[in-house]
Structure formats: structure tokens, C-alpha cells
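Asks: Mapped onto our numbering, the consecutive letters of the sequence shown carry residue numbers 39 to 135. Note that beta-carbon positions come from the ideal geometry of N, C-alpha and C, so glycine has one too. Attaching a single structure in C-alpha cells format; questions to follow.
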Amino acid sequence: MGMGIGVISGMAYECDDHEDFIAVSGENIFPKCTTYFGFRRGMILSRYAMSFINLFAEHLNPKLIMKAAETKTQDEVNPLFSKIELPVKGGCDQIKL
39 MGMGIGVISG
49 MAYECDDHED
59 FIAVSGENIF
69 PKCTTYFGFR
79 RGMILSRYAM
89 SFINLFAEHL
99 NPKLIMKAAE
109 TKTQDEVNPL
119 FSKIELPVKG
129 GCDQIKL
């Protein structure tokens, strides 16, 4: 039959996909999700771990990550990130709202 319905995240939908699929936004149905990175306080992050974080979250630079790692409580971490606007990734203009 060639018919079906799938639910995927907006970041998994590529603009080239609109030739084979019809995308309908579910933003009014599903809540937005934020991904968090967690690591033990005082841990020395390897270069590859820092590179991974930067690939995933370009808005976080190594200096800021290390500053957060040096804090003692979450209350000290929160102000470091409070003014950073989180980027929304994925999807394209082809998704019908």
C-alpha cells in the first residue's frame, strides 16, 4: 500500500525529505524537549569529550563548561547559563504548522 504514519523529531526531518514525505508539525501536541549534559563536578573532561559537547551544543564553549564544572552547587551553575539563548535545531521550512 505504501502508506503509513511516523512520528519523528523535527531535527530528524531533512528538507530533502519533503519529496517523499509530508510533514505536519506536532508542536501543538508534544512539548519541546531540552537535552542536558551531565558530568561529575571536579571531573577533568578529555579533549574528545569537550569536542563532543561543542559539536552537539555550539553555544557552549570550553571556558564556560570548565567554569560550570568548578562550581559547588546547581545554584552557582544556573546564572552562568541563564542569558544563553538555546538554539532550536532541525526541521525545515517545509513543515506545515
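Check valine 45 in the structure and name its three-state DSSP category.
Replies: Of the three classes helix, strand and coil, the one that applies to valine 45 here is coil, per DSSP.
Asks: Give the straight-line distance between the Cα atoms of serine 63 and glutamate 57, rounded to the nearest whole angstrom.
Replies: When rounded, the distance between both Cα atoms is 17 Å.
Asks: Rounded to a whole number of angstroms, what is the C-alpha to C-alpha distance between glutamate 123 and threonine 73?
Replies: When rounded, the distance between both Cα atoms is 14 Å.
Asks: Taking 8 Å as the threshold (beta carbon to beta carbon), is methionine 88 in contact with chain B?
Replies: You won't find chain B in this structure, because it holds only one protein chain.
Asks: Does the beta-carbon distance from alanine 106 to leucine 118 come in below 8 Å?
Replies: Result yes, Cβ atoms of alanine 106 and leucine 118 sit closer than 8 Å.
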